[in-house]
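Protein chains in written order, with my numbering: chain A, 11 to 150; chain B, 141 to 276.
Rendered as structure tokens:
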């Protein structure tokens, strides 16, 4: 079972994105890349911030890179960041990402009107993440 | 001068609203006039996310603050509906019931899923706010 966060987990995630009809439909006109930042929590097995970059285009993920340098990840159109354990809550669907943003638990950088227009697609990205059989870094 | 200001210490929803409104003003500068006019205060309460913010139209701009002790309008709804409200096509500044999204919002208003205290007395204020934050 892939460990979150890891390259193996990202590959599985991308595969799930690309086979999700729901995401494909919700993001049919989406064009833009996104960086996820899983912020360090050394006591939970994540010693450094992890940057993941995904290139999302018309309902598919064209490319993804794990562990990109921050200066590269920061060039993405959107950046969503939170501490590792918040992401764990999101993947386990214990934290709704939109509520998380409203509560300031997840921080978004990028054009908010676009996110609002594609809120269903954003939710589907999370739904897809929750379908990946995951071992969490602090539970290995 | 910054016309949309967030009080220090405000996080999450307050920042999101400010960013949304600022982006809308850049995209459509004619919406700036909505920040002028009569002063008024609005509370936005989202119980499922356990967040509350206050919005003060001060005649020169908009301040986003903690929940106001006395608001002209108080809007209570859940987080999903709030996102829908920011994404609904408008007609005369209100959700357009000729569209599916507008009808969904109207239905939620009728059922009380969106509760707006202060209407109809402060209808103009509601319309200003709706026009400021919609992206549709």
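Positions of the beta carbon are idealized from the N, C-alpha and C atoms, including for glycine.
Just how far apart, CA to CA, sit residue 140 of chain A and residue 14 of chain A?
On the first chain, residue 140 of chain A is found 130 positions in, with the first residue counted as 1. On the first chain, residue 14 of chain A is found 4 positions in, with the first residue counted as 1. In this structure, the straight-line span from the alpha carbon of residue 140 of chain A to that of residue 14 of chain A is close to 11 Å.
At 4 residues or longer, and completely inside the segment 188-267 of chain B: list those alpha helix (DSSP H) runs for me, N to C.
Runs found: 219-225 and 240-251.
Spell out whether any CB of chain A is found under 8 Å from the CB atom of residue 214 of chain B.
The residue given as residue 214 of chain B occupies position 74 in the second chain. No, residue 214 of chain B lies away from the interface with chain A (no Cβ there is under 8 Å from its Cβ).
Grab me the residues of residue 11 of chain A's own chain with a C-beta within less than 6 Å of its C-beta, minus the 5 sequence neighbours each way, in chain order.
For the purposes of this step, residue 11 of chain A is taken as the residue at position 1 of the first chain. Contacts found: 143 and 145.
Rounding to the nearest angstrom, what Cα-Cα distance links residue 230 of chain B and residue 223 of chain B in this structure?
Reading the second chain from its first residue, position 90 is the one you call residue 230 of chain B. Reading the second chain from its first residue, position 83 is the one you call residue 223 of chain B. Rounded to whole angstroms, residue 230 of chain B to residue 223 of chain B spans 14 Å at the Cα level.
Helix, strand or coil for residue 150 of chain B? Go by DSSP, reduced to three states.
On the second chain, residue 150 of chain B is found 10 positions in, with the first residue counted as 1. In the structure shown, residue 150 of chain B sits in coil (DSSP, three-state: anything other than H, G, I, E or B).
Just tell me which of A:69, A:112 and A:95 has its CA closest to the CA of residue 43 of chain A.
One-based indexing of the first chain puts residue 43 of chain A at position 33. The residue with the shortest Cα to Cα distance from residue 43 of chain A is A:69.
CB contact check: residue 114 of chain A to chain B, cutoff 8 Å
Counting from one through the first chain, the residue named residue 114 of chain A turns up at place 104. Residue 114 of chain A has a beta carbon lying within less than 8 Å of a beta carbon in chain B.
Thinking C-beta only, is residue 204 of chain B closer than 8 Å to residue 213 of chain B?
Taking the second chain and counting its residues from 1, the one referred to as residue 213 of chain B is at position 73. Taking the second chain and counting its residues from 1, the one referred to as residue 204 of chain B is at position 64. Cβ atoms of residue 213 of chain B and residue 204 of chain B: not closer than 8 Å.
Checking contacts by CB at 8 Å: is residue 227 of chain B closer than that to chain A?
Locating residue 227 of chain B in the second chain gives position 87, counting from the first residue. Yes, residue 227 of chain B lies at the interface with chain A (some Cβ there is under 8 Å from its Cβ).
Mind checking who residue 43 of chain A pairs with in its DSSP beta bridge?
Start at 1 with the first residue of the first chain, and residue 43 of chain A comes out as number 33. Beta-bridge pairing links residue 43 of chain A to A:65.
Helix, strand or coil at residue 142 of chain A according to DSSP, with G and I counted as helix:
Within the first chain, numbered from 1, the residue matching residue 142 of chain A stands at position 132. Residue state, collapsed to three classes: coil.
Taking Cβ-Cβ distances below 8 Å as the criterion, which residues of the segment 150-163 of chain B are in contact with chain A?
151, 152, 153, 155, 156, 159, 160 and 163
On the three-pair Cβ rule with 8 Å, is the segment 62-76 of chain A touching the segment 16-25 of chain A?
yes
Rounded to a whole number of angstroms, what is the C-alpha to C-alpha distance between residue 116 of chain A and residue 207 of chain B?
To locate residue 116 of chain A, count along the first chain from 1; it is residue 106. To locate residue 207 of chain B, count along the second chain from 1; it is residue 67. Rounded to the nearest angstrom, the gap between the Cα atoms of residue 116 of chain A and residue 207 of chain B is 21 Å.
Looking at the secondary structure, which residues open and close the beta strand (DSSP E) in which residue 54 of chain A lies?
For the purposes of this step, residue 54 of chain A is taken as the residue at position 44 of the first chain. Here residue 54 of chain A belongs to no beta strand (DSSP E), and DSSP marks it neither H nor E.
If I measure Cβ to Cβ from residue 36 of chain A and keep anything under 6 Å in the same chain, skipping five residues before and after, which residues do I get?
In the first chain, counting from the first residue as 1, residue 36 of chain A sits at position 26. Only 130, 131 and 134 meet the Cβ criterion.
Whose Cβ in chain A lies nearer than 8 Å to the Cβ of residue 145 of chain B?
Start at 1 with the first residue of the second chain, and residue 145 of chain B comes out as number 5. Within chain A, no residue has its CB atom less than 8 Å from the CB of residue 145 of chain B, the nearest being about 17 Å off.
State the start and end residues of the unbroken alpha helix (DSSP H) segment that holds residue 34 of chain A.
Locating residue 34 of chain A in the first chain gives position 24, counting from the first residue. Per DSSP, residue 34 of chain A belongs to the alpha helix (DSSP H) from 31-36.
Listed by chain order, chain B residues near residue 107 of chain A by CB distance under 9 Å
By 1-based counting over the first chain, the position of residue 107 of chain A is 97. Going along chain B, no residue has its Cβ under 9 Å from residue 107 of chain A, so there is no contact; the nearest lies around 10 Å.
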